[in-house]
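Participant:
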Amino acid sequence: MEYNSVDINTNTLVDKTNSNSMPNPKLVDPDYWNPKASNFEIVDWDRWESSQPRIPSVFEPPQRYNYSDCKFWPMWWWNRSCLFQPIAFGLHGCCGGFSGKSSVERISNGDKLFKSMLRPNPNSDVVPEPFRNKLFWTENNIADETLVSFNRWAWRKNTDEGRTIALGAMQHDWSNNNTCFGYASAYFQKTRFASIQGSPDGKWFLAATISDPKDPETLVNYLWFYVVQEDDEFKTPDGKAMDYVKPGDLVRISYGDGRNPYENDNSKITYWYFPRAVAELDSNGELKINHEHADDLISKATNQSGKACETCCYSCAICMTPEERFEFQVNNISDRQVFEQSPTPPSADMIDRF
């Protein structure tokens, strides 16, 4: 793979692998940057800061208790589920367009998957540092998705008034498990887009996801990214320090029903985790593995699952508590991931007028 170079005139990375690819047309559609959804708005950052938002220091994710319903007795939800697996193989082999993600690769297969999902952005100078040139593992995320890169989204600089600074398709550079449920999740992501706004101080980023931005009756779903600061310390409920969380890292967090961009009551947190950067691109565009995070990812993708008897050969979790199902999910990741590479993003100048 001929990877990239540096444009000495603009000091930005150049991708040689997709030099002829065209941008996703929806990334240059003004309605995707400013959806007509009734609850979409450009954030009033003074209003946001006036409520003094603060991330809890003890990491107790609410999704630990999500698997409480009887519908989770069959293990269709598990990262390595073999339920309906012939359907999954059929969906990929016979109608790859179903999910919109046509490539399959193993996490454990060297750095091939990382290189495929993390490629340079020609406008890398406008990508905020927490997102720039990084591939994230969504550790403790119970959804059927594992790796994501925002690097080749359409990015532009913020303004004093505030505006949408990024737009991306969840179909691209966003991996799902190679399971029936994983393909179903990928299918629903095909039409899903996310925009990002950023606070003036660079501490907060608000993402809004939507499928049809032209419909005023639709609603966006909001979720937050917080950038870890120097004085932040996080620990587990048993008091163990989370030393791998460093300043500049991201926290992904959701509040309430996701409809109100100003909701930040910690008692209403519904979902949160710490994305871990498993790989980065250096200034020369070379892939660098962050072994502190990547080794943990690979270990959880290649370990022996255990609990074969307790789960009736991984088909039934009726004897597990919700907490045990959560631990079984996040500690046993699917090695095989399905994904789709992103096309070349539009230039910052092209989207600056929206």
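To convert, note that position 152 of the sequence shown is 152 in the UniProt record's numbering; the numbers rise steadily by one, no gaps. All C-beta atoms, glycine included, are put in the ideal place defined by N, C-alpha and C.
1. Any chance the region 210-217 sits against the region 254-272, with 3 or more Cβ pairs inside 8 Å?
2. Only counting the same chain, and skipping five residues up and downstream in sequence, which positions put a Cβ closer than 8 Å to that of Ser-51?
3. Does DSSP put Ser-103 in a helix, in a strand, or in coil?
4. Rounded to whole angstroms, what is the Cα-Cα separation between residue 361 and Leu-83?
5. How far does the alpha helix (DSSP H) with Gln-329 in it reach, from first residue to last?
6. Would you verify that the beta carbon of Ser-50 is, or is not, closer than 9 Å to some beta carbon of chain D?
7. Runs of 3 residues minimum, wholly inside the region 151-178: which ones carry the beta strand (DSSP E) assignment?
8. At the level of alpha carbons, what is the spacing between Asp-31 and Glu-324?
9. Looking at Gln-63 and Tyr-222, is the spacing between their C-beta atoms short of 9 Å?
10. Looking at the structure shown, is Gln-189 part of a helix, part of a strand, or coil, going by DSSP?
11. Do you know offhand how far Val-104's Cα is from Arg-163's?
12. Mind checking Phe-328: buried by the 16 CB within 10 Å criterion, or exposed?
13. With C-beta atoms as the reference, is Ser-199 less than 9 Å away from Glu-49?
14. Residues in the same chain with beta-carbon distance under 7 Å from Phe-40, minus the five sequence neighbours each way, listed in chain order, please.
15. According to the Cβ coordinates, are Pro-23 and Trp-137 closer than 9 Å?
16. Quick check on DSSP: helix, strand or coil for Trp-137?
17. Rounded to whole angstroms, what is the Cα-Cα separation between Thr-146 and Phe-354?
18. Once you ignore the five residues that flank Arg-336 on each side, which residues in its own chain have a CB closer than 7 Å to its CB?
19. Quick check: the Cα distance between Cys-316 and Lys-300, rounded to an integer number of angstroms?
20. Can you have a look at Gly-100 and say buried or exposed, based on whether 16 or more other CB atoms are within 10 angstroms of its CB?
21. What is the residue span of the beta strand (DSSP E) that Ser-254 lies within?
22. DSSP on Arg-276, reduced to helix/strand/coil?
23. Give me the Cα-Cα distance between Thr-321 and Ser-68, rounded to the nearest whole angstrom.
24. So, with DSSP's three-state summary, where would you put Pro-74?
25. Under the three-state reduction of DSSP, which class applies to Leu-27: helix, strand or coil?
26. Can you grab the Cα-Cα spacing for the pair Asn-332 / Pro-237, in whole Å?
27. In chain order, what residues of the same chain have a beta carbon less than 6 Å from the beta carbon of Ala-241, not counting five sequence neighbours either side?
28. On the premise that Asn-266 lies in contact with Pro-56, defined as a C-beta separation below 8 Å, what is that separation, rounded to the nearest angstrom?
29. Please state whether the Cβ-Cβ distance between Pro-128 and Trp-155 is less than 9 Å.
30. Tell me whether the beta-carbon of Gln-171 lies closer than 9 Å to the beta-carbon of Ala-186.
31. Quick one: what does DSSP say Ser-195 is sitting in, helix, strand or coil?
32. Who are the Cβ neighbours of Ile-8 in its own chain at under 6 Å, not counting the five residues just before and after it?
33. So Glu-149 packs on Leu-135, CB below 8 Å; how close in whole Å?
34. Quick one: what's got a C-beta closer than 6 Å to Thr-270's C-beta in the same chain, skipping five residues either side?
35. Select from Phe-114, Cys-180, Ser-124 the residue whose C-alpha is nearest the C-alpha of Asp-144.
36. In three-state terms, what does DSSP make of Glu-292?
Facilitator: A quick look at the data gives this:
1. no
2. What you label residue 51 is simply residue 51 of the sequence shown in a count that begins at 1. Correct list, in chain order: Tyr-262, Asn-264.
3. Taking the sequence shown and counting its residues from 1, one reaches residue 103 at position 103. Ser-103: strand per DSSP, three-state reduction.
4. Residue 361 lies beyond the stretch modelled for the chain, which goes from 1 to 354, so this question has no answer here.
5. As a working mapping, residue 329 is identified with position 329 in the sequence shown. Start and end: 322-330.
6. The structure shown has no chain D; it contains just one protein chain.
7. 164-169, 174-177
8. Walking along the sequence shown from the start, residue 31 turns up at place 31. Walking along the sequence shown from the start, residue 324 turns up at place 324. One C-alpha to the other measures close to 43 Å.
9. Position 222 of the sequence shown, counted from the first residue, corresponds to residue 222. Position 63 of the sequence shown, counted from the first residue, corresponds to residue 63. For Tyr-222 and Gln-63, no; Cβs fall outside 9 Å.
10. Locating residue 189 in the sequence shown gives position 189, where the first residue counts as 1. Correct three-state label for Gln-189: helix.
11. Residue numbering aside, residue 104 sits at position 104 when the sequence shown is read from its first letter. Residue numbering aside, residue 163 sits at position 163 when the sequence shown is read from its first letter. Spanning the two alpha carbons is a distance of roughly 36 Å.
12. On the sequence shown, residue 328 is found 328 positions in, with the first residue counted as 1. Classification of Phe-328: buried, given that the 10 Å Cβ count is 16 or more.
13. The residue given as residue 199 occupies position 199 in the sequence shown. The residue given as residue 49 occupies position 49 in the sequence shown. A contact, by the Cβ cut-off of 9 Å.
14. In the sequence shown, counting from the first residue as 1, residue 40 sits at position 40. Hits under 7 Å: Ala-208, Val-220.
15. Here the question's residue 23 lines up with position 23 in the sequence shown. Here the question's residue 137 lines up with position 137 in the sequence shown. The answer is no: Cβ separation not under 9 Å.
16. Taking the first residue of the sequence shown as 1, we reach residue 137 at position 137. Strand.
17. Counted from its first residue, the sequence shown places residue 146 at position 146. Counted from its first residue, the sequence shown places residue 354 at position 354. Cα to Cα, Thr-146 sits roughly 32 Å from Phe-354.
18. For the purposes of this step, residue 336 is taken as residue 336 along the sequence shown, with counting starting at 1. Val-104, Arg-106, Asn-178.
19. Sequence index remark: in the sequence shown, residue 316 carries index 316 (1-based). Sequence index remark: in the sequence shown, residue 300 carries index 300 (1-based). Spanning the two alpha carbons is a distance of roughly 21 Å.
20. Here residue 100 corresponds to residue number 100 of the sequence shown, with the count starting at 1. Buried, since its Cβ has 16 or more Cβ neighbours within 10 Å.
21. The residue given as residue 254 occupies position 254 in the sequence shown. Element bounds for Ser-254: 250-255.
22. Within the sequence shown, the letter at position 276 stands for residue 276. Correct three-state label for Arg-276: strand.
23. Stepping through the sequence shown from its first residue, residue 321 is reached at position 321. Stepping through the sequence shown from its first residue, residue 68 is reached at position 68. Between Thr-321 and Ser-68, the C-alpha separation is close to 7 Å.
24. For the purposes of this step, residue 74 is taken as the residue at position 74 of the sequence shown. DSSP places Pro-74 in strand when its eight states are reduced to three.
25. In the sequence shown, residue 27 corresponds to position 27, counting from 1. Helix.
26. Position 332 of the sequence shown, counting from 1, holds the residue named residue 332. Position 237 of the sequence shown, counting from 1, holds the residue named residue 237. Distance between the alpha carbons of Asn-332 and Pro-237: 21 Å.
27. On the sequence shown, position 241 is the one that residue 241 refers to. Here the set comprises Lys-235.
28. To locate residue 56, count along the sequence shown from 1; it is residue 56. To locate residue 266, count along the sequence shown from 1; it is residue 266. With 8 Å as the limit, Pro-56 and Asn-266 qualify as a contact, their Cβ atoms being about 5 Å apart.
29. On the sequence shown, position 128 is the one that residue 128 refers to. On the sequence shown, position 155 is the one that residue 155 refers to. Contact: yes.
30. Mapped onto the sequence shown, residue 171 falls at position 171. Mapped onto the sequence shown, residue 186 falls at position 186. Yes; because the gap between Cβ atoms is below 9 Å, this pair is in contact.
31. The residue you call residue 195 lines up with position 195 of the sequence shown. Residue state, collapsed to three classes: strand.
32. The residue you call residue 8 lines up with position 8 of the sequence shown. Bear in mind that a pLDDT of 32 at Ile-8, under 50, signals an unreliable position, so the number given afterwards is only what the model happens to contain. Taken in chain order, the list of residues that qualify is empty.
33. Residue numbering aside, residue 149 sits at position 149 when the sequence shown is read from its first letter. Residue numbering aside, residue 135 sits at position 135 when the sequence shown is read from its first letter. Before going further, note that residue 149 is Ser rather than Glu in the sequence given. Yes, Ser-149 and Leu-135 are in contact; Cβ-Cβ is about 5 Å, under 8 Å.
34. As a working note, residue 270 is residue 270 in the sequence shown. Hits under 6 Å: Pro-62, Ser-254.
35. Sequence index remark: in the sequence shown, residue 144 carries index 144 (1-based). Taking only the C-alpha atoms, the option nearest Asp-144 is Cys-180.
36. The count along the sequence shown starts at 1 and reaches residue 292 at position 292. In this structure, Glu-292 counts as helix in the three-state DSSP scheme.
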